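The listed protein sequences derive, respectively, from chains A and B.
Take 1 as the starting number for the first sequence in the UniProt record's numbering and just add one per residue.
Take 1 as the starting number for the second sequence in the UniProt record's numbering and just add one per residue.
Glycine residues also receive a C-beta, built at the ideal position from the N, C-alpha and C atoms.
Nothing here was measured: the structure is a model prediction, and the numbers come from that model.
Written out below as structure tokens is the structure these notes cover.
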Amino acid sequence: MGEWDLLGHLLDKVQSHSTVIGKVWLTVLFIFRIMVLQTGAEKVWGDEQSDFVCNTQQPGCENVCYDLAFPISHVRFWILQIIAIATPQLLYLGHVLHVIHVEKKMKERMKKQEELDDQTNLLLKRAYKVPKYTKSSGEISIRGRLLRSYVLHLLAKIALEILFIVGQYLLYGFSLQTRYVCTRFPCPHKVDCFLSRPTEKSVIIWFMLVAACVSLVLSLVELFYLCVKAVKECMARRQDYTVTPVTPPPSERKAFKNRDEMIQNYVNLELELQGRKLGVNGITGGVSEAPRNGSPENNNMGEIHI
Amino acid sequence: MSWPALYTQLVGANRHATSLGKIWLSVLFIFRVMVLVVAAESVWGDEQSDFTCNTLQPGCENVCYDQFFPVSHIRLWCLQLVFVSTPTLLVAMYVAYRNHRDKRKLLQVAGFLSAKGQDEELETLKKRRLPIAGALWWTYACSLVFRLLFEAGFMYALYVVYDGFQMPRLVQCDQWPCPNLVDCFISRPTEKTIFTVFMATTSSICMVLNVAELVYLVIKLIDRVEKKLIKTLSF
């Protein structure tokens, strides 16, 4: 995997910040596409031009007919395809690294703050931003802007994959014929040109096509999975609202003897709502332990556990 | 020295780079070096063996190929990538000089520390990340300017030598010993055009990144100068 090492190393970094299906996708990419390309396809296409033979003695005719038949070789097309579909993942990696960098700075600032006087700590705590993405275990969770960027990268991957599959179909179809008929200058007339190893090439084309379709399906499943999780979380939140509305209905408000009692009731309801959000299945939302023990580190808002 | 070795050298120097600099390095190695090594070299692999001229005259193909391809695209791109990578080594050299100077100062001053304490200090010295200010700012800005010049220079050279970024299918040649105006056919012209355009595009993207980085450095400098002025004025 010599030349692909750098790409492999960068994509490996993204692995820890993607979903399970994302990890499977990456494995498919490396084993079924890059490795097959390097070890198999390049040898099969090795003699594509030298063994492209035309039924003519006219010098230059073979060159131009080969150029007409194969504007870009399959192998190079697949290399560009792999680089293109890896690009959205690399952009997402850039975003993750940026987030990690920002969160590290915030944590350092918070550490410095804790060394200050306790009183000033309480006063200044609200003024500083709190790390949003880091879980208590120190890992980065995919939520908020990061989740949006992840979904965007999935959409881009899907679009590029479809583009390249359709492009390949329009250029060459999905199999190679043994004979190619060519009439370009300087060929004197319609000339029969014969491809080298068309059946073996067709087998590999089909294999790479199936691998591309599997990758596409995995990306679609991942997108669907994230959507379902997001919908589930929305439904869970909505259920909370129907059970305990934040603002009491007008009829109940009249029951309060004075404004202070009403305010106290409102505060009580809000605290209850926040406490309720903790217990939802696998999905934590809202401010978790923060108001209770005063540490802002376990802030898990709207997080999707993947 | 090979591409992976160059990469290790550049990554070391890139620790002191801005985020744009890090992005630039990734773009350089993934979209240019990797594509060059994995794809482009095999496209240009048979450029002379499949360069066919419509003549039986021995030597005619050789001279015609030499006339139309004084320097192969692949070699030009290799040279471009090497030249574009070297200004980063300027920054690495400056950082090494600073580390050496600070190490000497540290050894002079911290003589009272134990051996372990001294070692620890030296380790932090090696691992620290210098802020881009002062002489390092100037070195970094110079390296960016050189990078831009080299990129632009090589792109222009490619454009001039090959009369644009498109590879013709047929060239006509009448150099001695060709007996008359001879048609010569280039191998895989369309694929070569596609890759030439691809490499030109990535080169432009790298240039844009370098310009953006330069602008960012200038803004940082202005910010710093402003803060200093405010500090001195408020006293």
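C-alpha distance - residue i paired with residue j, whole-angstrom precision
i              : j              : result
G60 (chain A)  : P58 (chain B)  : 16 Å
C178 (chain B) : C60 (chain B)  : 5 Å
A236 (chain A) : L226 (chain A) : 15 Å
R179 (chain A) : T199 (chain A) : 12 Å
D127 (chain B) : V215 (chain B) : In the sequence as displayed, the identity of residue 127 (chain B) is Lys instead of Asp. If I take the Cα positions, the gap works out to 28 Å.
R76 (chain A)  : I31 (chain A)  : 18 Å
M35 (chain A)  : S149 (chain A) : 29 Å
K103 (chain B) : R75 (chain B)  : 42 Å
T190 (chain B) : H16 (chain B)  : 41 Å
C213 (chain A) : C53 (chain B)  : 43 Å
A39 (chain B)  : L223 (chain A) : 32 Å
V197 (chain B) : A230 (chain A) : 42 Å
K43 (chain A)  : V35 (chain B)  : 18 Å
I205 (chain A) : L29 (chain A)  : 16 Å
V43 (chain B)  : V102 (chain A) : 43 Å
E261 (chain A) : K107 (chain A) : 40 Å
R238 (chain A) : L271 (chain A) : 17 Å
L20 (chain B)  : H98 (chain A)  : 11 Å
L90 (chain B)  : Y140 (chain B) : 8 Å
Closer than 8 Å to chain B by CB, residue i
i              : result
V64 (chain A)  : yes
E3 (chain A)   : yes
R33 (chain A)  : no
I83 (chain A)  : yes
L171 (chain A) : no
D12 (chain A)  : no
I79 (chain A)  : yes
D51 (chain A)  : no
I100 (chain A) : no
P71 (chain A)  : yes
P186 (chain A) : yes
P59 (chain A)  : yes
G8 (chain A)   : no
D260 (chain A) : no
Beta strand (DSSP E) segment containing residue i, residue limits
i                     : result
Q177 (chain A)        : Premise fails: Q177 (chain A) is in no beta strand (DSSP E) and is neither H nor E.
F185 (chain B)        : V182 to F185
residue 239 (chain B) : The structure shown does not extend to residue 239 (chain B), since chain B spans only 1 to 235, so no value can be given for it.
D192 (chain A)        : V191 to F194
Residue span of the alpha helix (DSSP H) that contains residue i, given as start and end
i              : result
V161 (chain B) : A135 to V161
S26 (chain B)  : S19 to V27
P70 (chain B)  : Careful: P70 (chain B) lies outside any alpha helix (DSSP H) and carries neither H nor E.
V14 (chain A)  : D5 to Q15
C61 (chain A)  : C61 to A69
S18 (chain A)  : No alpha helix (DSSP H) holds S18 (chain A); DSSP gives it neither H nor E.
M207 (chain B) : P189 to S234
T168 (chain A) : The residue you asked about is not Thr; residue 168 (chain A) is Gln in the sequence shown. Its alpha helix (DSSP H) spans residues R145 to Y172.
M106 (chain A) : H74 to E114
T183 (chain A) : First-last for T183 (chain A): undefined, no H or E at that position.
L6 (chain B)   : W3 to A13
Local Cβ density within 10 Å of residue i, reported as buried at 16 or more and exposed below that
i              : result
D66 (chain B)  : exposed
A41 (chain A)  : buried
Q166 (chain B) : exposed
T55 (chain B)  : buried
D67 (chain A)  : buried
H73 (chain B)  : buried
T284 (chain A) : Because the pLDDT at T284 (chain A) is just 42, under 50, the model does not fix this residue reliably, and the point stays unresolved.
M93 (chain B)  : exposed
C64 (chain B)  : buried
N63 (chain A)  : buried
L176 (chain A) : buried
F174 (chain A) : exposed
H74 (chain A)  : buried
C-beta neighbour in chain A for residue i, strict 8 Å
i                     : result
S203 (chain B)        : no
F185 (chain B)        : yes
Y65 (chain B)         : no
V35 (chain B)         : yes
E191 (chain B)        : yes
F29 (chain B)         : yes
C78 (chain B)         : no
residue 244 (chain B) : The first residue shown for chain B is 1 and the last is 235, placing residue 244 (chain B) beyond what the model contains.
Closer than 7 Å: residue i CB and nearest the ligand GDP heavy atom
i            : result
P4 (chain B) : Ligands displayed in this structure: none; no statement on the ligand GDP is therefore possible.
Q: Report yes or no: do three or more beta-carbon pairs, one from the segment 186-201 of chain A and one from the segment 138-155 of chain A, lie closer than 8 Å?
A: These segments do not touch.
Q: Spell out a yes or no on whether the segment 202-221 of chain A and the segment 20-30 of chain A are touching, meaning 3 or more CB-CB pairs, one atom from each, closer than 8 Å.
A: yes
Q | Sufficient close CB pairs (3 or more, under 8 Å) joining the segment 20-29 of chain B to the segment 208-228 of chain B | A | yes
Q) Between the segment 25-41 of chain B and the segment 147-155 of chain B, are three or more C-beta pairs nearer than 8 Å? A) no
Q: Would you check if there are 3 or more beta carbon pairs closer than 8 Å linking the segment 77-89 of chain A to the segment 161-176 of chain A?
A: yes
(Q) Whether or not the segment 153-173 of chain B and the segment 75-88 of chain B are in contact is what I'm after, with contact meaning three or more pairs of Cβ atoms, one per stretch, closer than 8 Å; do they touch? (A) yes
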